[in-house]
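Here is the structure we will look at, set down as structure tokens.
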Amino acid sequence: GQQVMQIPQYQHVQEGEDFTTYCNSSTTLSNIQWYKQRPGGHPVFLIQLVKSGEVKKQKRLTFQFGEAKKNSSLHITATQTTDVGTYFCAGSSNSGYALNFGKGTSLLVTP
Amino acid sequence: DGGITQSPKYLFRKEGQNVTLSCEQNLNHDAMYWYRQDPGQGLRLIYYSQIVNDFQKGDIAEGYSVSREKKESFPLTVTSAQKNPTAFYLCASSVSGLTSQPQHFGDGTRLSIL
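The listed protein sequences derive, respectively, from chains H and C.
Numbering-wise, the first sequence is residues 1 to 111 according to this note's numbering.
Numbering-wise, the second sequence is residues 112 to 225 according to this note's numbering.
So this is what it looks like as structure tokens:
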């Protein structure tokens, strides 16, 4: 079945450094969503990308959807301690009813 | 204040015992989901329901059962057949079952074996 792979599994950065997590699918995705889960919390929806080559920004966060709609990335510029958490991508290869979540990238930011 | 309420926050199960996790939403969402989260494993779908009185198995349904008798409620029963139930369980809902809809999550229930 369709799998969504996410790398790296962990990333430790100094505050102010940039961070990127990558999401790759073996099949073409109809859409991809990104979620953030703070330690001890629950996943919170960040954004959805639908179009080939789409780029969306939320303050210091930049989300991209690949031209082939098989990969996506989340880039954080100048990380802050508030960025700590696990970032998940989730995609579906059709307009059906089940999202496939990646295993997540856990970000640790030290001051 | 609209949202998803999961209870209890912590639950302990004895060997051979069935336990039920509660999930209630007042968002008027049609679709509801149950996920299991283990360290380093991301979110794995147990069951989902697109509409009242209908539900579908996810990737890891064995040892679990659900019901959807009311729109607001989607309880999950962890049966004694689930041999490794220790995990963090998350309930979610979305406006509809289409994957283009964002999912809203509850605070989770952490289940442990005594």
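Ideal placement from N, C-alpha and C gives every residue a C-beta, glycine not left out.
Predicted, not measured: the structure shown is a model, and the values here were computed from it.
Residue i classed as buried or exposed, judged by whether at least 16 other C-beta atoms fall within 10 angstroms
| i | result |
| --- | --- |
| Leu-132 of chain C | buried |
| Phe-65 of chain H | buried |
| Ile-162 of chain C | exposed |
| Asp-114 of chain H | Only positions 1 to 111 of chain H appear in the structure, and residue 114 of chain H is not among them; the question remains open. |
| Ser-160 of chain C | buried |
| Met-143 of chain C | buried |
| Pro-111 of chain H | exposed |
| His-12 of chain H | exposed |
| Ala-198 of chain C | buried |
| Phe-123 of chain C | exposed |
Chain C contact residues for residue i, given Cβ-Cβ distances below 7 Å
| i | result |
| --- | --- |
| Lys-103 of chain H | Gly-151, Gln-152 and Gly-153 |
| Asn-31 of chain H | Thr-210 and Ser-211 |
Beta-carbon neighbours of residue i, restricted to chain D and to distances below 9 Å
| i | result |
| --- | --- |
| Pro-39 of chain H | Structure shown: chain D not included; protein chains present are H and C. |
Contacts that residue i makes with chain H (C-beta to C-beta distance below 9 Å)
| i | result |
| --- | --- |
| Leu-201 of chain C | His-42 and Pro-43 |
Pair within 8 Å by beta-carbon distance, residue i and residue j
| i | j | result |
| --- | --- | --- |
| Asn-24 of chain H | Asn-71 of chain H | yes |
| Ser-191 of chain C | Gly-151 of chain C | no |
| Asn-31 of chain H | Gly-102 of chain H | no |
Whole-number beta carbon distance between residue j and residue i, since they are thought to touch under 8 Å
| i | j | result |
| --- | --- | --- |
| Pro-196 of chain C | Ile-171 of chain C | Actually they are not in contact, since the Cβ atoms of Pro-196 of chain C and Ile-171 of chain C sit about 11 Å apart, beyond 8 Å. |
Task: Members of the stretch 62 to 81 of chain H near chain C, C-beta cut-off 8 Å - done: Residues of the stretch 62 to 81 of chain H with a Cβ closer than 8 Å to any Cβ of chain C: none.
Open item on the list: Beta carbons nearer than 8 Å to chain H: which residues of the stretch 206 to 225 of chain C have them?
Closed with: Listed by position, the residues of the stretch 206 to 225 of chain C near chain H (Cβ gap below 8 Å) are Gly-208, Leu-209, Thr-210, Ser-211, Pro-213, Gln-214, His-215, Phe-216, Gly-217, Asp-218 and Gly-219.
Open item on the list: Give me the subset of the stretch 136 to 163 of chain C whose CB atoms are less than 9 Å from a CB atom of chain H, sorted by chain position.
Closed with: The residues in question are Ala-142, Tyr-144, Tyr-146, Gln-148, Gly-151, Gln-152, Gly-153, Leu-154, Arg-155, Leu-156, Tyr-159 and Gln-161.
Open item on the list: Please identify, using Cβ separations under 8 Å, the residues of the stretch 2 to 14 of chain H that lie next to chain C, in order along the chain.
Closed with: Listed by position, the residues of the stretch 2 to 14 of chain H near chain C (Cβ gap below 8 Å) are Gln-6 and Gln-9.
Task: Residues from the stretch 168 to 200 of chain C in contact with chain H, defined by Cβ distance under 7 Å - done: Taken in chain order, the members of the stretch 168 to 200 of chain C whose beta-carbon sits within less than 7 Å of a beta-carbon on chain H are Gly-169.
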